Amino acid sequence: MTTTRMQMALKRARLSSPTALKPATRHPIPLPSSCHSQTSTPPSHTPCISPSSTNILTYSVFTLDLEQKASTTLLSISGLPYDITRVVPLPSPIGGALLLGANEIIHVDQGGKTNGVAVNEFAKACTAFPLSDQSDLALRLEGCSVELLSPETGDVLIVLNNGRLLILTFTLDGRTVSGMTIQTVAADHGGHIIKAASSCTSNLGRGRLFIGSEDGESVMLGWTSTSNQLRRKQSNADINGDEDMSDEEEEEEDMDDMEDDLYNDTTPAIQKITAAASEPTAPGSYTFRIHDVLPSIAPIKDAILHPGNVTESLNKGEIMLSTGRGAAGAVTALDRELHPVTVATKELPSARGIWAVHARKQAPGDVTAAFGEDTEANMATDVDYDQYLVVSKTSGDGTESTVVYEVNGNELTETDKGDFEREEGSTLFVGVLAAGTKVVQVMRTEIRTYDSELNMDQILPMEDEESGNELNVINASFADPYLLVLREDSTVKIFRATGDGELEDVEATGLSGTPWLSASLFKSTSFTEVFAFLSTPEGGLRVFAMSDMEKPSYVAEALSFLPPFLAMDYGPKRGAAKAAITEILAADLGDATSKSPHLIVRTSSDNLVIYKAFHSPPRSAADLWTKNLRWVKLSQQHVPRYVEESGSEDPGFESTLLALGEIGGYSTVFQRGTTPAFILKESSSIPRVIGLSGKPVKSLTSFHTSSCQRGFAYLDSTDTLRVSRLPPQTHYGHLGWATRRFPMEAEVHALAYHTSGLYIIGTGQSEEYQLDPSETYHYELPKEDMTFKPSIERGVLKLLDEKSWTVIDSHVLDPQEVVLCIKTLNLEVSENTHQRKDLIAVGTSIVHGEDLATKGRIRIFEVITVVPEPDRPETNKRLKLIVKDEVKGAVSAISELGTQGFMIMAQGQKCMEEPYKMSLFARSKHHLDTIAVDFLPFEQQLHLVVADADMNLQVLQFDPDNPKSEAGSRLLHKSTFHTGHFPSTMHLLTSQLKMPSSTDFAAAAAPEGFEMDTSSPDNNNNNKDEPPQQPFHQILHTTQSGTLALITPLNEDTYRRLSNLSAYLANTLDSAAGLNPRAFRTSETPDGGWDAGTGARGMLDGNLLMRWGELGERGRREGLGKYGEGEWMFWGEREVLAGWGIFGGRGK
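Right under this line is the structure:
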């Protein structure tokens, strides 16, 4: 019913145009109607601005009667400046609308009264409209954003296109606006904290604003006002007397006031707010700060690639991008895997497990304190620092032992302190209970507890309650004050630490009689109850609350089907397939801002399935957390790595998942083994599986000392202990890659890398432009008598050291000369000796104006060694200019040519090269608006991938043997793929992995003992009689919207398999907003693109294939049936499609 009425209203509204409403209106300018704003203006009013013959504008407001198809003019304001482009409606008490121009702001109230203010000296030249003079501000309002700050005062926030903040405040005479004032926000009040133009704004209430940007990072902006605080205190004092208001009451009052301001037209509310806003807000009343940042790598201008990067410098990522515009410009480093900061290393031969321990002294008996709260101990600065590191070892002859080290900063000192068991048996797990006052050592057949000095307290043997036989411990889980132990007979034992630290059995009748495959404890910051998560051999999930162990509080028998949504009442179809679940773990995932419960399921193939908890219908705060609990499966594209390396895994069924409470500000889960990885989540992202670079990991523990704050220590397969911490200023969840941003405070147009460990950055600085009396291009120059001059960019080259990331040298280019491209080329520097050096070539453009031809320059620099500055050893490098040549046309591209050390450059519409001669081999059939293009060789065939201005990827082939190519003069069109993103660059890369084939799986009847060969063919050419195989290439594609894509060529068999699977996934998986993924990827070019008659085939959507993990186990089996091969084949293909052969170091 609602949809039908809306369609009828839209249809009737189309019958009336602005010219029909007012016949004298010509060239109406579309502007937002006030019916879309929260104002007291009736929603049937429609504003319209139209330019008259005198080149000024008229603002008109109409009321529409859709039933009678009639209209009435409410007000009309003529003589407005011609540069007005926006109308912003305002709520009460101000009301009316703001008219925004490039040089002025005008307010029109509901009665037609106007007030305006000029923001620069051009306002006088463009209009005779009466404006108050604030031209000394010298503002440019093009592209600004406007958002209401306070409904009480009516103050408006203006965000300029360079990110600067302004306050527009009003003076009221009764209910009528009598004046406007623009105030700049000083830098010390947060006026310069935003670095980029705003694309959207939203007021979230309670002094919070969201400022979205397409040119840089979006921010959550907070503000406070001294006038609002004073007004609230006075109001509270009048209403509540001496009573204080809580934060919740203040929030409710603010929201009620906001709603009253917007929707209530009663006189008391208007009088209250009008009185408050009668005087303009005093300058300096507002202070802004950034609460949170939504990272962005858009737009991408240029990229440098370091595939498989292995370096000690954290500033050198596998992908280095120039991102952002204006002052939001930055260089962003991306790494496929996490490269931790190594604080210390130590060789630990024969080690197999490590645990860091922090123990507290128990409070004296006569001290009265809450359980676990030692007030005196908490005052110490090192109260949380780890004191011991316990290492479990297994020698070559099978002898098991335990070594205890005392931790002092980065130093580890072996100690025989206390009664800690070191010789008999193997230590499996170590933890603390009783608020850290008891150290618990879980051994193979017993549990021992110690005090903070490692003196013995208790010994709890693991025995069968009926037969008295010893039972081996398989797994243990700690959640203070509880300890859960899973034993070899699939039984579970739970202990609880009492107030005096003694461990006692917890009666758990609900656990008896059922064998358990996996078990762990879960303690969350969201609630106080501790839960035990257990899985049965059949794949069922049982959750017990520690307060009631007689029966489970939550049962989900269908967990092994891995459905997209998991609930207690989920019923799989008959004959549905089950996954082989090995382990489950419930843990909080998130950062310091927000964290939430998740369930991680590990399958027998080391795949991780992540579920997020939610409640439907919502539960009350008094209900148990498991009431109405449901789980939704999250999409994650991590592909596990399979290698065979001795010592990388321990025998038995010991856990490979470890929940970590705080690592560098993150609550995370770590997966040890051959595919070591962290599961990391930002407050505004989904969980991401980020691999840990380096060798397979035997064991990992949190590690917190004075020199390694909230870090971790891990033991790799080479028996090396590495004390590490997460890289600073790095986020992981938004891209699924380790991302670190280096602000440059200027737009980075181009960048290059020199082998001496230097980055060359091409930026610019803004300068005032003024006419040069000495120039001879113009015969008559006008006299300049204005102070508000236009700005123009002047190029600057900066040399940055890779390790310190500091500017060690800079070169300012000539006036009006800007950087277009930078390349590091290996060029010949001597015709006699043919010596070659790595030189830096810079292409620039000199723009004098649109009436003059553009010129350019080619500059070539050499990196030389000089005497460094005192205390700055990195400044021992400088740029030396050896070539500076001016050419006709801008130098927009540079590249090496041939093998003799020559260079080719794009000069205007020509390519200049010597001594080579360029000949045309083939061309496309139709004109292309090409933005980026690169070669893609595959199976001894040459393809070209073209990224055009219509956001399409066009695949062309050079095939002179094909008769349709007209002897090779025509490029054959193979495929068209719509990306939806404007392209930036393309880069041809060589993969260390190759696509798997059916022969790779001939001996893989069972996955045990099987190692698939997906390494590069260059590394496996053992038969010298066979011709060498061609390297496997892929193309990295970057876009202006901050996306990265990888283009992979496929052979016929692989294409058919993946095409069938892609069609199945498109029909099975849900699409965003119910859209059609096939139609989206289809080009809108008429006739299906050029050369459509050559049998062009569609390019497959890799993102769709990577959503494989969203399927349930039944859907996976059906998908593999469409695919035609086994899961291991698809795993190998996903590894190549995801780019693990290029980024991440696999296949070496």
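Per numbering that gives the first Met the number 0: the sequence shown = residues 0 to 1147. From the three backbone atoms N, C-alpha and C, an ideal C-beta is built for every residue, glycine too. In this text, all values refer to a predicted model and were calculated from it rather than measured experimentally.
Coil, strand or helix - residue i by DSSP
i: D373; result: Reliability fails at D373, whose pLDDT of 47 lies under 50, so the model's placement of it is uncertain and no value is given.
i: E335; result: The identity of residue 335 in the sequence shown is Arg, whereas the question assumes Glu. The answer is coil: DSSP assigns R335 none of H, G, I, E or B.
i: C199; result: strand
i: V87; result: strand
i: D958; result: coil
i: M0; result: Because M0 sits at a pLDDT of 37, beneath the cut-off of 50, its placement in the model cannot be relied upon, and the point is left open.
i: G498; result: coil
i: G1088; result: Residue placement at G1088 is flagged as unreliable, the pLDDT there being 44, under the threshold of 50; a coordinate-derived value is accordingly withheld.
i: S391; result: strand
i: Y1122; result: helix
i: L1136; result: helix
i: W1127; result: helix
i: F169; result: strand
i: P1076; result: helix
i: W1107; result: helix
i: R447; result: strand
i: R1116; result: helix
Residue range of the alpha helix (DSSP H) that includes residue i
i: E465; result: Where E465 is concerned, there is no enclosing alpha helix (DSSP H), given that its DSSP letter is neither H nor E.
i: G509; result: Looking at the DSSP string, G509 is not in any alpha helix (DSSP H), and its letter there is neither H nor E.
i: L1057; result: 1051–1067
i: Y758; result: It is not in any alpha helix (DSSP H) - Y758 instead sits in the beta strand (DSSP E) that spans 757–767.
i: N1102; result: 1101–1104
i: K822; result: No alpha helix (DSSP H) holds K822; the beta strand (DSSP E) holding it covers 816–827.
Residue j beta carbon less than 7 Å from that of residue i
i: P695; j: S666; result: no
i: L725; j: Y758; result: no
i: E556; j: A544; result: no
i: F494; j: L482; result: yes
i: Y776; j: P789; result: no
i: V155; j: Q133; result: no
i: S131; j: V107; result: no
i: Q1033; j: L988; result: yes
i: V145; j: S197; result: no
i: G1138; j: L1045; result: yes
i: G111; j: L56; result: no
i: I893; j: G842; result: yes
i: T393; j: S349; result: yes
i: S559; j: A578; result: yes
i: V795; j: T762; result: yes
Candidates the options: closest to residue i by CA position
i: V638; options: V688, T655, L919; result: V688
i: E216; options: D587, H290, T225; result: H290
i: R85; options: Q956, G142, K572, A117; result: G142
i: S723; options: F702, T729, M743; result: F702
i: F530; options: R139, Q939, P514, F477; result: F477
i: G498; options: P480, L941, S511, H733; result: P480
i: K993; options: W1130, G1111, V944, P959; result: W1130
i: L388; options: G397, S400, E413; result: E413
i: T719; options: A69, R351, A326; result: R351
i: V406; options: S706, V608, R1133; result: S706
N- and C-terminal bounds of the beta strand (DSSP E) containing residue i
i: S964; result: No beta strand (DSSP E) holds S964; DSSP gives it neither H nor E.
i: V932; result: 929–937
i: P460; result: 455–460
i: N474; result: 472–478
i: W804; result: Here W804 belongs to no beta strand (DSSP E), and DSSP marks it neither H nor E.
i: M743; result: Per DSSP, M743 belongs to no beta strand (DSSP E) and is neither H nor E.
i: M950; result: Per DSSP, M950 belongs to no beta strand (DSSP E) and is neither H nor E.
Report task. Taking only runs that begin and end inside the region 549–630, name each unbroken beta strand (DSSP E) of 3 or more residues, in chain order. Result -> 553–555, 580–589, 594–602, 607–614
**Report entry** Any beta strand (DSSP E) of 3 or more consecutive residues that is wholly inside the region 848–923
**Finding:** 854–864, 876–887, 890–896, 901–906, 909–911
Query raised in the report: Which parts of the region 391–421 are runs of the beta strand (DSSP E), unbroken and 3 residues or longer, counting only runs that do not cross its ends?
Result: 399–407, 410–414
Query raised in the report: Unbroken alpha helix (DSSP H) runs of length 4 or more, entirely within the region 111–144: which are they?
Result: 121–125
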